[in-house]
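Here's the structure we're looking at; comments come further down.
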Ligand code: IMP
Ligand code: MG
């Protein structure tokens with residue numbers, strides 16, 4: 012079974028549902044009024060953030076657009092280098108809109124640094140980041156995340172959208188992958 016590959020569960024299904032609901036409620040409160048009238052676009056980067064994005068949007072009680080980008084980061088192995096190429100661009104017109112980037116996990120922060128620069132060039136009214144997880148590690152790019160689900164340990168984790176070699180995304184919880192499986 013897939014669940015046998017997890018050495019420790021960090022966030023259960025219930026933990027995730029509770030925290031996602033809290034973030035959704037915070038966004039609803041923060042964007043009610045003027046931003047909601049101007050238009051809200053929740054944007055995620057495929058594929059890791061898709062599950063978080065789907066759950067989060069159902070917890071935001073405001074009209075919004077959902078959009079997706081696909082990027083590839085070039086780097087050695089599991090490390091991202093910050094050089095990003097866009098495989099699928101945003102479909103929505105972001106001009107004058109309030110953009111909320113839904114991220115699965117902030118690790119080095121290089122991908123998001125690039126993405127925020129790119130999005131700023133598309134003329135949005137505002138751009139904020141909602142990340143489900145932020146890894147506690149050295150040398151993370153300084154990124155202002157308005158919404159953070161959990162500060163997580165610097166381990167290789169999978170589930171709820173996060174993969175190892177495209178597997179484990181469908182685990183309903185988040186856990187640490189057994190080290191013997193990737194060493
Ligand atoms: P970075 O912040 O540019 O280093 O890259 C973040 C991306 O790397 C995330 O969106 C994930 O797709 C992936 N990533 C980083 N840490 C992990 C992990 O522990 N498990 C699975 N994917 C991860
Ligand atoms: Mg990602």
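Numbering (my numbering), first residue to last: 12 to 194.
A virtual CB, placed ideally from N, CA and C, is assigned to each residue, including glycine.
{"Query": "Residue 169 CB to nearest heavy atom of ligand 1 below 7 Å", "Result": "yes"}
{"Query": "Residue 60 and residue 115 closer than 8 Å at C-beta", "Result": "yes"}
{"Query": "Among 99, 175 and 51, the one whose alpha carbon lies nearest that of residue 39", "Result": "51"}
{"Query": "Proximity test, residue 115 beta-carbon vs ligand 1 heavy atom, cut-off 7 Å", "Result": "yes"}
{"Query": "Closest Cα partner of residue 168 within the set 186, 177 and 159", "Result": "186"}
{"Query": "Cβ-Cβ distance between residue 154 and residue 124 below 8 Å", "Result": "yes"}
{"Query": "Per DSSP, cross-strand counterpart(s) of residue 145", "Result": "117 and 162"}
{"Query": "Secondary structure, beta strand (DSSP E): runs of 3+ residues fully inside the segment 19 to 75", "Result": "51 to 57"}
{"Query": "Where residue 170 sits in the DSSP three-state scheme", "Result": "strand"}
{"Query": "Cross-strand partners of residue 177 (DSSP beta bridge)", "Result": "DSSP lists no partner for residue 177."}
{"Query": "The segment 12 to 20 contacting the segment 135 to 143, beta-carbon criterion three pairs below 8 Å", "Result": "no"}
{"Query": "Through-space distance from residue 161 to residue 145, alpha-carbon basis", "Result": "6 Å"}
{"Query": "Pair within 8 Å by beta-carbon distance, residue 35 and residue 67", "Result": "yes"}
{"Query": "Residue(s) in a DSSP beta bridge with residue 101", "Result": "Residue 101 pairs with nothing; no bridge assigned."}
{"Query": "Nearest candidate by alpha-carbon position, reference residue 97, set 80, 110 and 109", "Result": "80"}
{"Query": "Same chain only: Cβ atoms within 6 Å of residue 151, ignoring 5 sequence neighbours per side", "Result": "120"}
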